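2 protein chains.
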Amino acid sequence: MVKDVGELDWSLLQSFSAVVDAGSLSGAARALAQSQPTIGRHIKALEAALGVGLFTRAPRGLAPTSAGLEIAEMAREMQSAANRLRLIADGKADDLNGTVRITASVVTSHYVLPSIIADMRQAMPEIQIELVPSDTTENLIFREADIAVRMYRPTQLDVITKHVGDQPTAVYAAKSYLDRMGRPKMLKDATNLDFVGFDKSDLIIRVMADLGIKTTRDFFSLRCDQQAVHWELVRAGCGLGGAQTIVGDADPLVERLLDGQIQMQSLPIWLTAPQALHTNLRIRAVWDYLSNALAKQIGI
Amino acid sequence: MVKDVGELDWSLLQSFSAVVDAGSLSGAARALAQSQPTIGRHIKALEAALGVGLFTRAPRGLAPTSAGLEIAEMAREMQSAANRLRLIADGKADDLNGTVRITASVVTSHYVLPSIIADMRQAMPEIQIELVPSDTTENLIFREADIAVRMYRPTQLDVITKHVGDQPTAVYAAKSYLDRMGRPKMLKDATNLDFVGFDKSDLIIRVMADLGIKTTRDFFSLRCDQQAVHWELVRAGCGLGGAQTIVGDADPLVERLLDGQIQMQSLPIWLTAPQALHTNLRIRAVWDYLSNALAKQIGI
DNA sequence: TATGTGCTATTCATAATTGAATGGTAAAAG
DNA sequence: CTTTTACCATTCAATTATGAATAGCACATA
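Protein sequences, first through last, are from chains A and B. Per this note's numbering, numbering of the first sequence is gapless, rising by one per residue and ending at 300. Per this note's numbering, numbering of the second sequence is gapless, rising by one per residue and ending at 600.
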């Protein structure tokens with residue numbers, strides 16, 4: 001767009017930055033919602049404008065030359081500044097219309113948030129919601145999400161956080177399993193039953209050790225680290241498993257076991273969002289709604 | 301160019317940055333070699349994408365809103381990074397074809413450099429030269445010029461400098477003036493003649509005080525601060541004036557006076573260029589040529 | 001070996017962007 | 001007061017940029 005009389009066209013630099021990050025024209029095109037030939041042309045135009053080869057073409061993408069690597073530092077700075085600019089501007093937007101991106105763990109996204117979001121959409125139909133289930137930590141500053149619902153205290157800088165409360169956890173099993181195997185009255189009776197465990201995670205092993213029951217990974221004949229699927233295995237009658245009470249108590253297929261016999265640790269619920277966005281009306285509205293709805297579910 | 305699915309189009313940000321700097325759509329359009337309606341559309345698109353008013357329209361241009369001012373910081377950072385990127389890339393360019401921008405004082409640009417540049421263009425015709433006469437200090441990092449010829453030691457950071465040598469100065473007057481008024485043999489005789497002085501600058505007053513002649517601004521019945529015009533006044537026969545010997549001795553209209561009677565201070569010649577550009581073949585070639593030609597002129 | 005995947009490069013039609021031209025407003029100058 | 005200057009906003013034709021489609025290459029898999 002900018003003619004070549006001294007000033008570099010920043011859209012060429014944007015494409016350069018995306019190619020450096022993605023390592024290929026196709027990857028950059030996907031990231032920028034553009035086409036591969038367009039990105040290829042931008043890189044070619046930039047190389048011509050600068051008079052330097054920035055990449056070597058390879059079958060699996062583009063590898064930056066040493067010049068390209070050196071220049072990538074500046075491009076990264078531009079990207080960082082652009083991200084911050086967007087963040088600040090979004091904090092000042094005064095329009096309720098638009099999208100808010102919420103991220104939460106897969107379990108929470110699957111079992112907790114849908115009913116809350118359905119109600120919220122009815123209450124605020126002008127706000128669109130994008131739900132990003134993820135068990136990894138999203139980077140809020142890069143706007144991978146606007147609001148995160150987390151079971152641990154957030155530690156990222158420049159974010160605001162709110163501790164909504166603590167949700168209890170308990171042991172559950174499917175009614176069908178208990179009908180078949182019997183219902184344990186005491187904790188020691190339960191150790192003869194099947195437990196659904198985790199594969200790599202030692203969380204349940206540690207919890208049971210705290211209860212005086214020493215187990216190893218082989219004690220759990222069925223193991224799955226993915227928590228939502230772990231819960232589906234319990235619901236299907238594969239054995240006993242732990243879950244948040246707001247999930248388990250709401251499920252008609254399962255029963256809660258051993259109340260009073262074991263004291264499970266609670267899980268905290270935290271909300272977090274980039275500080276700069278807290279003045280954004282839209283995100284503020286979703287934040288408040290989520291906070292109230294989650295508090296209500298855990299009985300606060 | 302980038303569709304509005306999360307990633308801001310940097311060409312919009314580039315236009316925003318130019319408008320903030322120039323204070324108007326028209327000014328920004330001139331700076332970016334674009335048209336005013338295009339820049340206006342970019343600002344409008346950016347305001348729509350961000351959902352924030354960035355400027356208030358005024359008869360004399362655009363005034364940034366408080367949001368616009370805050371966002372301008374990031375745009376400034378992007379511009380700074382883009383400038384550095386360009387500088388580094390240009391330092392790596394390996395093409396002799398292209399433009400080199402030289403800046404020097406108006407006097408040097410007028411009387412010294414033309415013959416040098418004519419020879420250089422013959423020696424290296426693939427290199428285009430842009431000469432920027434200026435008595436103010438250009439910012440080399442922003443590529444307002446590639447090479448500066450200066451009469452003082454450059455102090456800007458991240459530049460390389462070379463002291464070519466010192467050029468003597470002397471007192472001159474037009475032959476026509478001397479034919480009419482006589483030729484002074486001694487310094488005290490000269491004080492009865494006309495001197496062309498400076499208006500605001502006290503340079504000549506200080507030089508003469510050093511020679512034991514106390515003068516005030518009113519001693520000079522004709523005054524002009526612009527050095528090239530000052531020299532034209534001398535050449536036209538308005539009176540005596542000081543000049544660099546490489547200018548004065550080359551001029552058939554004037555004579556050099558009072559040699560041996562007064563010892564004028566020399567003026568240094570320095571070359572300077574951004575450090576990052578010193579690997580650029582084109583700029584390196586022009587630097588070397590200038591250095592040699594100027595040294596030859598002052599007898600080194 | 002054949003097939004599938006992921007990539008780059010190129011062509012051509014379409015879509016989007018751009019700029020010349022025009023009109024209007026406000027402020028400065030004569 | 002009139003004229004000039006500098007600005008923004010809008011329209012419409014021209015220009016430029018884009019993307020779908022295709023071909024080719026390298027690598028991995030069955």
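Each residue gets a CB set at the ideal place from its N, CA and C atoms; glycine is no exception. What you are looking at is a predicted structure, and each value in this text was computed from that prediction instead of being measured.
| field | Residues of the region 350-374 of chain B whose Cβ lies closer than 7 Å to any Cβ of chain A, in chain order | value | Cβ contacts with chain A: Leu350, Gly351, Val352, Ala367, Glu370, Ile371, Met374.
| task | Within its chain, find whatever has a CB closer than 6 Å to the CB of Phe495 of chain B; leave out the 5 residues flanking it on each side and keep chain order. | result | For this step, residue 495 of chain B is matched to residue 195 along the second sequence. Within the same chain, Phe495 of chain B has close Cβ partners Phe520, Gly539, Leu540.
| field | Where Ala93 of chain A falls, given that 16 or more other Cβ within 10 Å makes a residue buried | value | Residue numbering aside, residue 93 of chain A sits at position 93 when the first sequence is read from its first letter. When all chains shown are included, Ala93 of chain A counts as buried.
| field | First through last residue of the alpha helix (DSSP H) which encompasses Gln275 of chain A | value | Taking the first sequence and counting its residues from 1, the one referred to as residue 275 of chain A is at position 275. Run containing Gln275 of chain A: none; DSSP gives neither H nor E here.
| said: For Lys302 of chain A, list the residues DSSP reports as bridge partners. | reply: What is shown of chain A runs 1 to 300, which leaves residue 302 of chain A out entirely.
| Which residues of chain B have a Cβ atom closer than 7 Å to the Cβ of Trp10 of chain A, listed in chain order? | By 1-based counting over the first sequence, the position of residue 10 of chain A is 10. Neighbours of Trp10 of chain A on chain B, chain order: Trp310, Ser311, Leu313, Gln314, Ala382.
| query | In terms of DSSP beta bridges, what is Leu157 of chain A paired with? | reply | Here residue 157 of chain A corresponds to residue number 157 of the first sequence, with the count starting at 1. Note: Leu157 of chain A sits in no beta bridge, so no partner.
| said: With a threshold of 8 Å, are at least 3 pairs of Cβ atoms found where one atom belongs to the region 249-267 of chain A and the other to the region 275-284 of chain A? | reply: With contact defined as three or more Cβ pairs closer than 8 Å, the region 249-267 of chain A and the region 275-284 of chain A are not in contact.
| request: Using a threshold of 7 Å, state whether the C-beta atoms of Ala104 of chain A and Val164 of chain A are closer than that. | output: By one-based count along the first sequence, residue 104 of chain A stands at place 104. By one-based count along the first sequence, residue 164 of chain A stands at place 164. Their beta carbons are not under 7 Å apart, which means Ala104 of chain A does not touch Val164 of chain A by this criterion.
| query | Taking DSSP as the reference, what is the three-state secondary structure of Leu222 of chain A? | reply | The count along the first sequence starts at 1 and reaches residue 222 of chain A at position 222. Leu222 of chain A: strand per DSSP, three-state reduction.
| task | Kindly list, in the order they appear in chain B, the residues whose Cβ is closer than 7 Å to that of Lys92 of chain A. | result | Residue numbering aside, residue 92 of chain A sits at position 92 when the first sequence is read from its first letter. Val352, Ala367, listed in chain order.
| Under 8 Å by beta carbon: chain B residues contacting Met120 of chain A | As a position in the first sequence, residue 120 of chain A is number 120, starting the count at 1. Residues of chain B passing the Cβ test: none, with the nearest at roughly 21 Å.
| said: If you measure between the beta carbons of Gly242 of chain A and Val286 of chain A, is that distance less than 7 Å? | reply: Working through the first sequence from its first residue, we reach residue 242 of chain A at position 242. Working through the first sequence from its first residue, we reach residue 286 of chain A at position 286. The Cβ-Cβ distance between Gly242 of chain A and Val286 of chain A does not fall below 7 Å.
| message | Rounded to whole angstroms, what is the Cα-Cα separation between Arg300 of chain A and Val106 of chain A? | response | Locating residue 300 of chain A in the first sequence gives position 300, counting from the first residue. Locating residue 106 of chain A in the first sequence gives position 106, counting from the first residue. Per the sequence shown, residue 300 of chain A should be read as Ile rather than Arg. Between Ile300 of chain A and Val106 of chain A, the C-alpha separation is close to 24 Å.
| Span of the alpha helix (DSSP H) around Ala75 of chain A | One-based indexing of the first sequence puts residue 75 of chain A at position 75. Where Ala75 of chain A is concerned, the enclosing alpha helix (DSSP H) stretches over 66-92.
| query | With contact counted as at least three CB pairs below 8 Å, one residue from each stretch, are the region 411-429 of chain B and the region 75-87 of chain A in contact? | reply | Output reads no: the region 75-87 of chain A does not touch the region 411-429 of chain B.
| query | So Pro433 of chain B is in the beta strand (DSSP E); what residue range does that whole segment cover? | reply | On the second sequence, residue 433 of chain B is found 133 positions in, with the first residue counted as 1. For Pro433 of chain B, the enclosing beta strand (DSSP E) begins and ends at 427-433.
| Start-to-end residues for the alpha helix (DSSP H) that takes in Leu13 of chain A | Position 13 of the first sequence, counted from the first residue, corresponds to residue 13 of chain A. Here the alpha helix (DSSP H) through Leu13 of chain A covers 10-22.
| field | Backbone CA spacing between Glu232 of chain A and Leu96 of chain A [nearest angstrom] | value | For the purposes of this step, residue 232 of chain A is taken as residue 232 along the first sequence, with counting starting at 1. For the purposes of this step, residue 96 of chain A is taken as residue 96 along the first sequence, with counting starting at 1. Distance between Glu232 of chain A and Leu96 of chain A, taken at the CA atoms: about 37 Å.
| task | Measure the alpha-carbon distance for Pro552 of chain B versus Asn492 of chain B and round it to whole angstroms. | result | To locate residue 552 of chain B, count along the second sequence from 1; it is residue 252. To locate residue 492 of chain B, count along the second sequence from 1; it is residue 192. So the alpha carbons of these two residues sit roughly 24 Å apart.
| query | What residues of chain A sit near Glu430 of chain B, judged by a beta carbon separation below 9 Å? | reply | Against the second sequence, residue 430 of chain B aligns to sequence position 130. For a Cβ distance threshold of 9 Å, nothing in chain A lies close to Glu430 of chain B: the least Cβ distance comes to about 10 Å.
| chain B beta carbons: is any one of them nearer than 7 Å to that of Ile88 of chain A? | By one-based count along the first sequence, residue 88 of chain A stands at place 88. So yes, Ile88 of chain A belongs to the interface.
| field | Sequence-distant residues of its chain with Cβ nearer than 8 Å to Val305 of chain B (five each side left out) | value | The sequence position of residue 305 of chain B within the second sequence is 5, counting from 1. In this prediction, Val305 of chain B has a pLDDT of 45, which is less than 50 and means its spatial position is unreliable; nothing more can be read from the coordinates.
| query | Interface residues of chain A around Leu440 of chain B at Cβ under 7 Å? | reply | Reading the second sequence from its first residue, position 140 is the one you call residue 440 of chain B. None at all; the shortest Cβ gap to chain A is about 14 Å.
| field | Burial state of Gly91 of chain A (16 or more Cβ within 10 Å) | value | Against the first sequence, residue 91 of chain A aligns to sequence position 91. Counting the other CB atoms within 10 Å of its CB gives Gly91 of chain A a total of 16 or more, which places it among the buried residues.
| field | Residue-level contact to chain A via CB, Ile600 of chain B, 7 Å cutoff | value | One-based indexing of the second sequence puts residue 600 of chain B at position 300. By this cut-off, Ile600 of chain B is not an interface position.
| message | Does chain A have any CB closer than 7 Å to the CB of Asp502 of chain B? | response | Sequence index remark: in the second sequence, residue 502 of chain B carries index 202 (1-based). It does not; no Cβ of chain A falls within 7 Å.
| query | With distances taken between CB atoms, is the gap from Ile402 of chain B to Ile447 of chain B smaller than 7 Å? | reply | Here residue 402 of chain B refers to the residue found at position 102 when the second sequence is read from its first residue. Here residue 447 of chain B refers to the residue found at position 147 when the second sequence is read from its first residue. Yes, they are a contact pair.
| Going by DSSP, what residues sit across from Glu144 of chain A in a beta bridge? | As a working note, residue 144 of chain A is residue 144 in the first sequence. Glu144 of chain A is not bridged to any residue.
| request: Would you kindly check if the distance between the Cβ of Ser324 of chain B and the Cβ of Gln379 of chain B is under 7 Å? | output: For the purposes of this step, residue 379 of chain B is taken as the residue at position 79 of the second sequence. For the purposes of this step, residue 324 of chain B is taken as the residue at position 24 of the second sequence. Cβ distance not < 7 Å, so Gln379 of chain B and Ser324 of chain B don't count as in contact.
| said: Only counting the same chain, and skipping five residues up and downstream in sequence, which positions put a Cβ closer than 8 Å to that of Ala75 of chain A? | reply: Residue mapping note: residue 75 of chain A aligns to position 75 of the first sequence, counting from 1. Closer than 8 Å at the Cβ level, and outside the excluded window around Ala75 of chain A, lie Leu13, Phe16, Ser17, Val20.
| Given that Met424 of chain B touches chain A, what residues does it touch there, using C-beta distances under 8 Å? | The sequence position of residue 424 of chain B within the second sequence is 124, counting from 1. None at all; the shortest Cβ gap to chain A is about 17 Å.
| request: Taking Thr124 of chain A as the reference, give the member of A:Gly68, A:Lys162, A:Gln297, A:Arg282 with the closest Cα. | output: Working through the first sequence from its first residue, we reach residue 124 of chain A at position 124. According to the sequence displayed, residue 124 of chain A carries Met and not Thr. Looking at the Cα atoms, A:Arg282 is the closest of the given residues.
| said: Applying the 10 Å Cβ sphere with the 16-neighbour rule, what's the burial state of Gly482 of chain B? | reply: Counted from its first residue, the second sequence places residue 482 of chain B at position 182. Sixteen is the threshold: since fewer than 16 other Cβ atoms of the shown chains lie within 10 Å of the Cβ of Gly482 of chain B, the residue is exposed.
| message | Taking DSSP's pairing of strands, which residues face Asp259 of chain A in a bridge? | response | Here residue 259 of chain A corresponds to residue number 259 of the first sequence, with the count starting at 1. Asp259 of chain A pairs with A:Ile262.
| Is the beta carbon of Leu85 of chain A within less than 6 Å of some heavy atom of the ligand SAM? | As presented, the structure is devoid of all ligands, the ligand SAM included, so that no description of it is given.
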